[in-house]
Amino acid sequence: MNVIDLLLKIDRRIIYLILVTVVVIPLLIPSPEKVRVMLPVEKLYEAVDEIPDDKALIIDFVYTPQLKPELEPMAFAVLRHAFKRGKKVLALSLFA
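Numbering (the numbering used here), first residue to last: 951 to 1046.
Have a look at this one:
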């Protein structure tokens, strides 16, 4: 009897119970994950902080729909940081 035959003989409910357990345990007992801030991100935030109040931050939102899921969260994070600091923001885009 090989491993495949043994696995085929296991009751379906036991397999589902194992799957549910494996999925639910990490949800109930979250593992603490440390967020590391990378140096380029830190420099970007410092550059936004150093913009004088009489100047504006220009952000160019030129990206295609295929790149939107990757680039839009980063753009929103920079916008959120600039607005929290009370900076003026000019947004540019070639697409409507």
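A virtual CB, placed ideally from N, CA and C, is assigned to each residue, including glycine.
Beta-carbon proximity list for residue i, same chain, < 6 Å, skipping 5 on both sides
{"i": "S1001", "result": "Strictly speaking, residue 1001 in this sequence is Ile, with Ser absent from that position. Correct list, in chain order: L1007, K1037."}
{"i": "M1024", "result": "none"}
{"i": "L1021", "result": "Y1013"}
8 Å Cβ shell around residue i - same chain, five flanking residues per side excluded
{"i": "H1031", "result": "Y995, V998"}
{"i": "Q1016", "result": "none"}
Beta-bridge pairing of residue i - partner residues as DSSP gives them
{"i": "V1039", "result": "L1007"}
Beta-carbon proximity of residue i to residue j, cut-off 9 Å
{"i": "I1009", "j": "V1028", "result": "yes"}
{"i": "F1033", "j": "V1039", "result": "yes"}
{"i": "F1011", "j": "L1042", "result": "yes"}
Contacting residues, own chain, Cβ-Cβ under 7 Å from residue i (five flanking each side not counted)
{"i": "R1035", "result": "V998, D999"}
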